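Below is one structure, written out as structure tokens; the observations come after it.
4 protein chains.
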Amino acid sequence: MKSKRQIQKESTRQKIIDTAYRIYATEGFSASTAKIAKEAGVSHGTVFAHFQSLNDLLECIIGDFQLSLAAEFHDMGESSASASASASVSGFLDAHLKILIDHEEFYLRLITERSLLPEEVQYMYADNQSTIAHHFNLLLSREIKNGIVKEVPVHMLFNTWLGMIHYYLWNKDFFSPDEPVLARYAGELKHTFISLITK
Amino acid sequence: MKSKRQIQKESTRQKIIDTAYRIYATEGFSASTAKIAKEAGVSHGTVFAHFQSLNDLLECIIGDFQLSLAAEFHDMGESSASASASASVSGFLDAHLKILIDHEEFYLRLITERSLLPEEVQYMYADNQSTIAHHFNLLLSREIKNGIVKEVPVHMLFNTWLGMIHYYLWNKDFFSPDEPVLARYAGELKHTFISLITK
Amino acid sequence: MKSKRQIQKESTRQKIIDTAYRIYATEGFSASTAKIAKEAGVSHGTVFAHFQSLNDLLECIIGDFQLSLAAEFHDMGESSASASASASVSGFLDAHLKILIDHEEFYLRLITERSLLPEEVQYMYADNQSTIAHHFNLLLSREIKNGIVKEVPVHMLFNTWLGMIHYYLWNKDFFSPDEPVLARYAGELKHTFISLITK
Amino acid sequence: MKSKRQIQKESTRQKIIDTAYRIYATEGFSASTAKIAKEAGVSHGTVFAHFQSLNDLLECIIGDFQLSLAAEFHDMGESSASASASASVSGFLDAHLKILIDHEEFYLRLITERSLLPEEVQYMYADNQSTIAHHFNLLLSREIKNGIVKEVPVHMLFNTWLGMIHYYLWNKDFFSPDEPVLARYAGELKHTFISLITK
DNA sequence: GATGAATGAGAATTCATTCAT
DNA sequence: AATGAATGAATTCTCATTCAT
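Chains as they are written, first to last, in my numbering: chain A, 354 to 552; chain B, 354 to 552; chain C, 354 to 552; chain D, 354 to 552.
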């Protein structure tokens with residue numbers, strides 16, 4: 354049972370988190386704490402009442418993001434596993450792309466402005482990738498055994514796939530400066546990847 | 354025949370450039386001009402005596418880097434063209450990797466922090482990539498015609514290759530925190546890529 | 354009812370304003386924000402917490418000054434109008450001089466360094482002069498009609514009067530280096546002006 | 354007999370002086386020594402080989418200006434004295450205006466940016482005015498004795514005249530922002546002044 | 001005598017962080 | 001718990017001045 358005060362506190366904290374997420378997604382991680390406070394409708398000091406430092410805030414925002422992404426990846430894995438027989442690599446790639454497309458803006462900031470982030474945060478996502486890697490690898494291993502996919506170490510296939518996606522995100526300004534990149538190139542990316550991995 | 358003063362001036366300029374290059378490579382492009390001056394053993398003002406502004410310094414350092422990289426890429430293309438008949442994709446990938454391996458640290462910063470850099474510098478990057486893409490595509494087109502490489506649009510092959518490399522660079526801390534990544538994974542990357550693109 | 358913090362904030366702001374006013378009056382408008390902060394007993398950053406920029410500070414200080422001067426000029430006009438029949442040029446000049454005498458130091462800086470000030474501030478000056486010109490011209494027009502004052506365009510009479518005053522202010526160091534000029538020469542200035550304009 | 358070296362030296366000095374004068378006239382006294390050197394076609398250090406400090410340069414430039422102005426005023430006085438009988442106040446004012454019109458640009462900088470100048474220089478012109486004042490007063494005294502000009506202390510008449518002129522110069526941006534003020538208002542100024550001083 | 005590279009003391013401004021309220 | 005005024009270190013950049021060449 355939470356006291357009214359605790360509820361209030363958590364609501365404030367959430368307001369800060371939501372605002373920070375939104376501002377970071379749209380303006381990048383160099384946004385000032387003062388701006389976040391203002392947009393969140395709280396005082397500047399309140400930010401530091403909830404987060405010891407800017408680093409803490411970043412860790413929280415980015416950590417939360419990674420967690421929610423991980424959860425989506427997990428669900429994705431589950432659903433493809435539950436429909437195991439019919440689970441296809443194609444369907445998996447679609448699901449993966451969909452998730453990234455849904456969070457492109459923030460994800461893009463994360464990979465393009467990584468150097469602005471505190472060290473603790475910079476590599477958080479590493480853990481995260483393993484969830485998706487796991488399911489991906491299961492699926493691919495089966496296809497390799499079935500003789501459909503080339504006999505390439507599955508982790509390399511995964512890295513190739515992620516490399517392609519990140520390359521497009523990272524060069525968004527080149528590929529698609531004014532609208533989301535992933536949605537635009539999803540088909541081409543998937544098609545190329547499948548062409549490459551199949552015998 | 355240079356006067357002593359000209360030599361000294363160029364030496365100072367070079368000290369600044371070298372120091373800036375080193376600091377940018379190790380700490381990233383947000384290093385302050387004051388720090389560069391201090392490490393170079395010159396006064397803060399001297400930096401601005403040689404470069405009108407921080408942007409100018411960045412343009413110079415990054416521009417020089419891009420130019421030297423472009424020159425190396427060009428030579429690489431030439432040598433593979435001169436040995437045209439025997440020119441192999443494999444050799445090309447080796448050459449490409451070698452160049453990047455030689456400049457890994459700075460190249461890593463460049464691709465990691467590109468979005469934080471002034472616009473003028475960002476364009477250089479794009480120009481540069483097209484040089485290598487050109488040679489790469491020529492080679493691959495031939496191999497496709499020869500029926501060795503899969504019929505995938507060559508630009509996608511290029512993007513896949515660069516994606517892989519950048520992915521490993523970008524995740525250096527995960528793949529190889531204490532030593533250069535590319536040297537370590539060059540073989541695996543090349544092998545994977547060739548396995549994928551060949552029929 | 355103001356909270357303690359509001360009072361303190363305003364007190365700090367006032368400290369900055371007062372100090373800036375004093376320093377500008379004594380040393381001119383090229384005084385640095387650091388100096389103002391130090392003399393005001395606040396940190397340098399505090400100046401920018403209260404004023405977005407140096408320009409804003411100048412606008413505030415000078416604007417306030419102009420406004421208070423304008424108010425005094427306005428009152429002066431009113432009182433001479435209310436006593437319309439008996440309103441004399443002589444009284445008007447006395448009132449005008451009195452106001453300037455009260456603010457001689459800052460007014461001197463304003464007319465001496467106007468060209469160095471940001472544009473926004475420069476316009477204030479012009480507006481201000483027109484207020485006093487208006488009342489002055491009304492009075493003089495009547496006297497001209499009455500045949501007391503020479504038939505010279507009233508704007509030229511105004512310019513002559515202001516020219517005389519500004520000339521003495523501008524040459525304070527020559528006329529009266531150690532004490533206010535206007536107080537010292539008010540009588541002579543007024544007497545000369547009246548002698549000149551009367552037939 | 355000057356050695357070649359001395360001649361060279363003086364020529365360099367003169368180049369600096371001429372350039373400084375021109376730049377100060379057109380851009381104001383905040384022009385940097387580096388710019389003056391560059392425009393003069395000499396090295397930055399050369400400026401300081403000829404003038405111990407920026408202040409020295411300013412003193413020289415402004416001093417020279419004052420001297421040449423004084424010389425012109427002196428000649429003006431002589432010519433009006435030589436033609437004594439026919440010398441008129443009107444002619445004198447014309448001559449005075451003409452000299453100022455010829456040097457309006459620099460003179461304007463001198464009176465509008467005085468606060469940027471070192472103290473030693475700020476009041477130089479005081480001495481200068483006495484030359485013209487002398488002739489002016491002689492002429493006016495005679496006219497007063499002749500009953501043409503009002504019996505007002507001649508120094509006040511002089512100050513009034515100078516006040517008018519300075520007022521127009523000082524407010525050039527208001528009276529005539531894009532072309533010289535004095536030439537434009539010379540007639541009006543003179544006419545007003547004469548109207549005022551005559552009985 | 002002339003050079004011009006190097007200097008270093010400022011200049012305005014930003015911003016995460018603190019703490020009395 | 002929330003406030004927000006105050007802090008001060010850090011940033012880029014300017015410029016008169018010096019001195020080895």
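Using N, Cα and C, we set each Cβ at its ideal position, and we do this for glycine too. Since the model is a prediction, treat every value here as computed from it, not as a measurement.
Residues in the stretch 486–506 of chain B having any Cβ partner in chain A nearer than 7 Å: Lys503, Val505
Any C-beta of chain A under 8 Å from that of Ser452(B): One-based indexing of the second sequence puts residue 452(B) at position 99. At residue 452(B) the sequence reads Ile, which differs from the Ser that was named. For Ile452(B), the answer is no, since every Cβ of chain A falls outside 8 Å of its Cβ.
Chain C contact residues for His599(D), given Cβ-Cβ distances below 8 Å: Residue 599(D) lies beyond the residue range present for chain D, which begins at 354 and ends at 552; the question has no answer from this structure.
Under 8 Å (Cβ pairs) to chain B, residues found in the stretch 454–472 of chain A: Here the close residues are Ile464, Thr465, Glu466, Arg467, Ser468, Leu469.
Residue closest to Leu463(B), alpha-carbon to alpha-carbon, out of Gly500(B), Leu411(B), Ala486(B), Ala424(B): Walking along the second sequence from the start, residue 463(B) turns up at place 110. Here the closest residue by C-alpha is Leu411(B).
Close beta carbons around Ala521(C), own chain, < 6 Å, minus the five adjacent residues each side: Position 168 of the third sequence, counted from the start, is the residue given in the question as residue 521(C). Note that residue 521(C) is Tyr in the sequence shown here, rather than Ala. Excluding positions up to five away in sequence, the list reads Phe528, Val534, Tyr538.
DSSP three-state assignment for Val507(A), whether helix, strand or coil: As a first step, residue 507(A) is located in the first sequence; it is residue number 154 there, counting from the start. In this structure, Val507(A) counts as helix in the three-state DSSP scheme.
Residue closest to Met429(B), alpha-carbon to alpha-carbon, out of Asn524(B), Ser443(B), Gly416(B): On the second sequence, residue 429(B) is found 76 positions in, with the first residue counted as 1. Of the candidates Asn524(B), Ser443(B), Gly416(B), the one whose C-alpha sits nearest the C-alpha of Met429(B) is Ser443(B).
Neighbour flag for Trp547(A) against chain B, beta carbons, 8 Å: For the purposes of this step, residue 547(A) is taken as the residue at position 194 of the first sequence. At residue 547(A) the sequence reads Ile, which differs from the Trp that was named. No, Ile547(A) does not count as interfacial toward chain B.
Where the stretch 372–405 of chain B meets chain A: residues whose CB sits under 8 Å from a CB there: Gly381, Phe382, Ser383
Proximal residues to Met517(D) (C-beta, below 8 Å), its chain only, five neighbours per side dropped: In the fourth sequence, residue 517(D) corresponds to position 164, counting from 1. Cβ within range, chain order: Leu542, Thr545, Phe546.
Val474(D) in three-state terms, based on DSSP: For the purposes of this step, residue 474(D) is taken as residue 121 along the fourth sequence, with counting starting at 1. Three-state DSSP puts Val474(D) in a helix.
Amino acids of chain C, ordered along the chain, whose beta-carbon sits closer than 7 Å to that of Ile550(D): Position 197 of the fourth sequence, counted from the start, is the residue given in the question as residue 550(D). Residues of chain C passing the Cβ test: Leu549.
Test item: CB-CB of Leu549(C) and Leu549(D) under 8 Å: Within the third sequence, numbered from 1, the residue matching residue 549(C) stands at position 196. Within the fourth sequence, numbered from 1, the residue matching residue 549(D) stands at position 196. It is a contact, given that the beta carbons lie within the stated cut-off.
Identity of the residues DSSP links to Val502(D) by a beta bridge: Here residue 502(D) is taken as the residue at index 149 of the fourth sequence, counted from 1. The partner list for Val502(D) (beta bridge, DSSP) reads Thr551(D).
Chain-ordered chain A contacts of Thr484(B) [CB-CB under 8 Å]: Within the second sequence, the letter at position 131 stands for residue 484(B). Ordered by position in chain A, no residue passes the 8 Å Cβ test against Thr484(B), which lies about 15 Å from the chain.
Distance, Lys368(C) Cα to Met509(C) Cα: In the third sequence, residue 509(C) corresponds to position 156, counting from 1. In the third sequence, residue 368(C) corresponds to position 15, counting from 1. If you take the alpha carbons of Met509(C) and Lys368(C), they lie about 41 Å apart.
Helix, strand or coil at Phe459(B) according to DSSP, with G and I counted as helix: Along the second sequence, read from residue 1 onward, the residue named residue 459(B) stands at position 106. If DSSP states are grouped into helix, strand and coil, Phe459(B) belongs with the helices.
C-beta contact flag for Lys388(A) and Ile376(A) at 8 Å: For the purposes of this step, residue 388(A) is identified with residue 35 of the first sequence, where counting begins at 1. For the purposes of this step, residue 376(A) is identified with residue 23 of the first sequence, where counting begins at 1. In contact: Lys388(A) and Ile376(A) (Cβ atoms closer than 8 Å).
Minimum Cβ-Cβ distance from Asn408(A) to chain B less than 8 Å: By one-based count along the first sequence, residue 408(A) stands at place 55. No, Asn408(A) lies away from the interface with chain B (no Cβ there is under 8 Å from its Cβ).
Closest residue to Tyr460(A) among Thr386(A), Phe401(A), Asp417(A) (Cα-Cα distance): Translated into the one-based positions of the first sequence, residue 460(A) becomes position 107. For Tyr460(A), the nearest C-alpha among the options comes from Asp417(A).
Where Gln359(D) sits in the DSSP three-state scheme: The residue labelled residue 359(D) in the question sits at position 6 within the fourth sequence. It is helical.
Neighbour list for Thr513(C) in chain D, Cβ cutoff strictly below 9 Å: Locating residue 513(C) in the third sequence gives position 160, counting from the first residue. Going along chain D in sequence order, the residues near Thr513(C) (Cβ under 9 Å) are Thr513, Gly516, Met517, Tyr520, Thr545, Phe546, Leu549.
Closest Cα partner of Leu470(A) within the set His397(B), Glu473(B), Asn512(B), Ser383(B): Translated into the one-based positions of the first sequence, residue 470(A) becomes position 117. Checked all of His397(B), Glu473(B), Asn512(B), Ser383(B); the closest Cα to Leu470(A) is Ser383(B).
Neighbour flag for Glu541(C) against chain D, beta carbons, 8 Å: Working through the third sequence from its first residue, we reach residue 541(C) at position 188. Yes, contact with chain D.
Backbone CA spacing between Val395(B) and Thr365(B) [nearest angstrom]: On the second sequence, residue 395(B) is found 42 positions in, with the first residue counted as 1. On the second sequence, residue 365(B) is found 12 positions in, with the first residue counted as 1. Cα to Cα, the separation comes out at about 8 Å.
Ala378(B) and Glu458(B) closer than 8 Å at C-beta: The sequence position of residue 378(B) within the second sequence is 25, counting from 1. The sequence position of residue 458(B) within the second sequence is 105, counting from 1. Yes, these two residues count as a Cβ contact at 8 Å.
Short CB-CB distance (under 8 Å) between Ala424(B) and chain A: Stepping through the second sequence from its first residue, residue 424(B) is reached at position 71. Ala424(B) does not count as touching chain A.
Given Tyr374(B) as reference, the closest of Glu425(B), Val400(B), Ile414(B) once Cα atoms are compared: Working through the second sequence from its first residue, we reach residue 374(B) at position 21. When only C-alpha atoms are compared, the closest one is Ile414(B).
Backbone secondary structure at Val534(A) - three-state DSSP: By one-based count along the first sequence, residue 534(A) stands at place 181. If DSSP states are grouped into helix, strand and coil, Val534(A) belongs with the helices.
With 16 other Cβ atoms within 10 Å as the buried cut-off, status of Leu453(D): The count along the fourth sequence starts at 1 and reaches residue 453(D) at position 100. Flag for Leu453(D) reads buried.
Exposed unless 16 or more other CB atoms sit within 10 angstroms - verdict on Ala424(D): Taking the first residue of the fourth sequence as 1, we reach residue 424(D) at position 71. The residue in question, Ala424(D), is exposed, as its Cβ has fewer than 16 Cβ neighbours within 10 Å.
Short CB-CB distance (under 8 Å) between Phe527(D) and chain C: For the purposes of this step, residue 527(D) is taken as the residue at position 174 of the fourth sequence. Yes, because at least one Cβ of chain C sits closer than 8 Å to the Cβ of Phe527(D).
8 Å Cβ cut-off: residues of chain A touching Met509(B): The count along the second sequence starts at 1 and reaches residue 509(B) at position 156. Those within 8 Å of Met509(B) in chain A are Glu541, Thr545.
C-beta atoms of Leu422(A) and His449(A) nearer than 8 Å: Locating residue 422(A) in the first sequence gives position 69, counting from the first residue. Locating residue 449(A) in the first sequence gives position 96, counting from the first residue. No. Outside cutoff.
4-residue-minimum alpha helix (DSSP H) runs that sit fully inside the stretch 367–451 of chain B, ordered along the chain: 386–393, 397–403, 407–435
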